[in-house]
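The structure appears right after this line, and notes come after that.
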């Protein structure tokens with residue numbers, strides 16, 4: 001009798017709770033399936049575009065695929081990656097302005113921090129080459145993980161050299177060499193050496 005009474009008072013709530021739990025579980029599984037399929041679709045589109053970029057044959061059909069990735073799959077890493085690929089393609093063709101446009105998009109919309117910082121560094125390098133020093137400096141002063149210190153500091157050095165600020169350039173190159181953990185590139189060492197200084201190599 002006590003069990004019947006309890007069920008009468010609580011049965012409906014229990015069944016409702018179980019129903020909600022099952023629905024939530026099924027909904028979560030469907031979401032995971034959707035996410036997997038969604039990412040796979042973006043990956044397939046990206047590989048198609050990347051293949052054409054590698055062949056230096058990025059036609060209108062594949063440019064449209066790149067646009068689809070940015071518009072419909074912007075929540076995946078492939079949206080920023082396809083912009084990086086297009087930026088390289090455009091730069092190799094001699095269109096620095098279009099390359100900068102794609103790099104800006106990747107920098108502002110990347111869902112993965114590492115991809116964002118790669119985009120920042122490539123964008124800053126092009127901006128320096130195009131003498132857009134203020135925007136480059138803003139990018140290079142942004143917070144970033146320690147693993148990117150060498151890249152950011154080297155480009156700061158390039159920026160300061162372009163501005164004629166040699167003392168600051170030396171400091172930035174020294175920091176880049178130190179951040180490279182004993183294995184800086186030969187090019188970085190040459191850039192630092194060209195600036196001269198009795199303190200070179202002692203930092």
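Numbering (this note's numbering), first residue to last: 1 to 203. Virtual Cβ for every residue (Gly too), placed ideally from N, Cα, C.
Looking only at its own chain, which residues have a Cβ that is under 8 Å from the Cβ of residue i, when we skip the five neighbours before and after it?
i, result
"residue 173", "153, 154, 157, 188, 191, 192, 195"
For the candidate residues the options, whose alpha-carbon lies nearest to that of residue i?
i, options, result
"residue 78", "143, 121, 106, 176", "106"
"residue 219", "167, 121, 131", "In the structure displayed, the chain extends from 1 to 203; residue 219 sits before or after that span and is not available."
"residue 84", "164, 54, 9", "54"
"residue 181", "146, 163, 164, 168", "146"
Below 8 Å on the Cβ atoms is my contact criterion, and I expect residue i with residue j to pass it. Report the Cβ-Cβ distance as a whole number of Å.
i, j, result
"residue 136", "residue 127", "4 Å"
"residue 36", "residue 75", "So it is not a contact: roughly 13 Å between Cβ atoms."
"residue 62", "residue 49", "5 Å"
Do you know how far the Cα of residue j is from the Cα of residue i?
i, j, result
"residue 81", "residue 151", "19 Å"
"residue 27", "residue 88", "40 Å"
"residue 161", "residue 96", "21 Å"
"residue 15", "residue 21", "10 Å"
"residue 166", "residue 183", "23 Å"
"residue 109", "residue 24", "31 Å"
"residue 43", "residue 170", "42 Å"
"residue 101", "residue 12", "59 Å"
"residue 93", "residue 29", "45 Å"
"residue 51", "residue 18", "50 Å"
"residue 103", "residue 186", "26 Å"
"residue 58", "residue 73", "20 Å"
"residue 123", "residue 90", "13 Å"
Kindly list the residues whose CB is nearer than 6 Å to the CB of residue i, restricted to its own chain and excluding five residues on each side of it in sequence; keep chain order.
i, result
"residue 177", "184"
"residue 117", "144, 148"
Spatial neighbours of residue i within its chain, please: C-beta separation below 7 Å, excluding the five flanking residues on both sides.
i, result
"residue 46", "69, 78, 81, 82"
"residue 159", "128, 133, 136, 137, 140"
- Message: Runs of 4 residues minimum, wholly inside the stretch 46-111: which ones carry the alpha helix (DSSP H) assignment?
- Response: 60-72, 78-92, 96-109
- Message: Threshold first: 3 residues or longer. Then list the beta strand (DSSP E) segments lying entirely within the stretch 115-188, N to C.
- Response: none
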